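Some notes on the structure that comes next.
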């Protein structure tokens, strides 16, 4: 139907890599903080809740700017990570993954938290009387029962990461082959004469990827529902 | 010989629970009206509710002792608990539910024990089903089997028949009597229905408003109880 050029393929491949890595790294934090917010009472809970949701309400440019200040090579966290782990975020695809993960995080947290809150805690008591310690209760009862929420959270984070633009371009710029994702590539193409056809092709790819992610997560969610409810 | 010795106090809102009793082997009924504190007592025995004061011991094993600072967590008490509503794991098959206790404690697979419990409760045809596809009576039999297969030192049954209609109750009762006679595990059976307990209990502890008001043999359970069903 249509052929993507090498540069366009690079943008597509980069987008997928950035979104998958962002989702994978956000997941353990999403489950941990979702669990804290769903189950624990502690001082500063409202503040943590607010901080986690901040990227949802802040202008993306502001989030990108904050990332630049804190995770840049000279930023407080960025300098530490570089000195001790050799990790660099600024102007690298890893930085794009970081900003996508941060932007997708509030969307990931919400369904995970809701599904954890919906779990019948008495099933966890039953597991404890059957000899399961707290970690085993979590991994054999809590997490499997929260699976539909976890899947939904992963999908939302992945979709948000695919579409991320403002924070990423602010934080790591728009470097072909390194930080130029599909969104950034489309934006660039619309700024140059004769780029419409290429932009159009990438738009089709973006739609296909998003729709594919949606269908796959629907399929997983339905399978989980069949497992729990029998029908 | 007393298998279980309980002496606990707990303030629950405005309700004060102060209970002291000893249970010999066999099946001990914890009998009393709704709200007497029966479920709170067995939750404390299981380790799901922490007493304010007191001591709970099973044979020579101290499970809880406030003054000595002992509070064995529920997963190390090895006390089987059959809940009123079964509480089977909905994401696991019946077979996986039955096997859960063994997996969690890391014991090797024991086909003989499984066969024995499956025969005792007559649940062989249900093993591959999901809990959602079981009737109320079947669900309770699986819950009993699941608790038995963790090889408990004591079995707690909290109104295991309460959610069932009279026909289902009559269906399960013989299994519970068999359990008492054949499984060799002491039982604490909570109920507010005297007729039900007369079938099962060998010893009775009467509870009212958070206190033990009598302990004796099953003669305590008077005939002509309003809730009689059998």
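Residue numbers (this note's numbering), protein chains in the order written: chain W, 1 to 231; chain E, 1001 to 1230.
Every residue gets a Cβ at the ideal spot worked out from N, C-alpha and C, and that includes glycine.
Note that the structure is predicted; figures quoted are calculated from it, not measured.
Next on the checklist: Residues of chain E with CB closer than 9 angstroms to the CB of residue 125 of chain W, please, in chain order.
Outcome noted: 1043, 1046, 1048, 1074, 1081, 1083, 1087
Checklist entry - Could you give the residue range of the alpha helix (DSSP H) that holds residue 8 of chain W? => result 6 to 39
Next on the checklist: If we define contact as Cβ-Cβ less than 8 angstroms, is residue 39 of chain W a contact residue for chain E?
Outcome noted: no
Checklist entry - Any residues in the segment 110 to 125 of chain W with a beta carbon nearer than 7 angstroms to a beta carbon of chain E? Which ones, in chain order? => result 122, 123, 125
Next on the checklist: Once DSSP output is grouped into helix, strand and coil, what is the label at residue 1020 of chain E?
Outcome noted: strand
Checklist entry - When the cut-off is 8 angstroms and only beta carbons count, does residue 1175 of chain E lie next to chain W? => result no
Checklist entry - Quick one: which chain W residues come within Cβ less than 9 angstroms of residue 1189 of chain E? => result By Cβ distance, chain W contributes nothing, its closest Cβ being about 16 angstroms from residue 1189 of chain E, past 9 angstroms.
Next on the checklist: Which residues in chain W have a C-beta closer than 9 angstroms to the C-beta of residue 1105 of chain E? List them in chain order.
Outcome noted: 130, 131, 132
Checklist entry - Assuming residue 1117 of chain E contacts residue 1148 of chain E under a Cβ cut-off of 8 angstroms, what Cβ separation, rounded to an integer in Å, is found between them? => result 5 angstroms
Item to check | Cβ shell of residue 137 of chain W (< 7 angstroms), same chain only, five flanking positions each side left out | outcome: 124, 127, 128
Next on the checklist: According to DSSP, simplified to helix, strand and coil, what is residue 211 of chain W?
Outcome noted: helix
Next on the checklist: To be precise: take each residue of the segment 1091 to 1125 of chain E, compare its Cβ to all Cβ atoms of chain W, and keep it if any distance is under 7 angstroms. Which residues remain?
Outcome noted: 1091, 1100, 1101, 1104, 1105
Item to check | Range covered by the beta strand (DSSP E) that runs through residue 1215 of chain E | outcome: 1211 to 1216
Checklist entry - What residue ranges within the segment 1107 to 1171 of chain E form continuous beta strand (DSSP E) runs of no fewer than 3 residues, ordered along the chain? => result 1154 to 1158
Item to check | Under 9 angstroms (Cβ pairs) to chain E, residues found in the segment 215 to 227 of chain W | outcome: 224, 227
Item to check | residue 77 of chain W versus residue 71 of chain W: straight-line alpha-carbon distance, rounded | outcome: 5 angstroms
Item to check | Burial state of residue 19 of chain W (16 or more Cβ within 10 Å) | outcome: buried
Next on the checklist: Less than 8 angstroms between the C-beta atoms of residue 1105 of chain E and residue 1150 of chain E, yes or no?
Outcome noted: yes
Checklist entry - Ordered along the chain, which non-local residues of its own chain (more than five positions away) have a Cβ less than 6 angstroms from that of residue 61 of chain W? => result 166, 170
Next on the checklist: If I measure Cβ to Cβ from residue 190 of chain W and keep anything under 7 angstroms in the same chain, skipping five residues before and after, which residues do I get?
Outcome noted: 199
Next on the checklist: Tell me which residues of the segment 171 to 205 of chain W have at least one Cβ-Cβ distance to chain E shorter than 7 angstroms, keeping chain order.
Outcome noted: none
Checklist entry - What is the residue span of the alpha helix (DSSP H) that residue 102 of chain W lies within? => result 93 to 118
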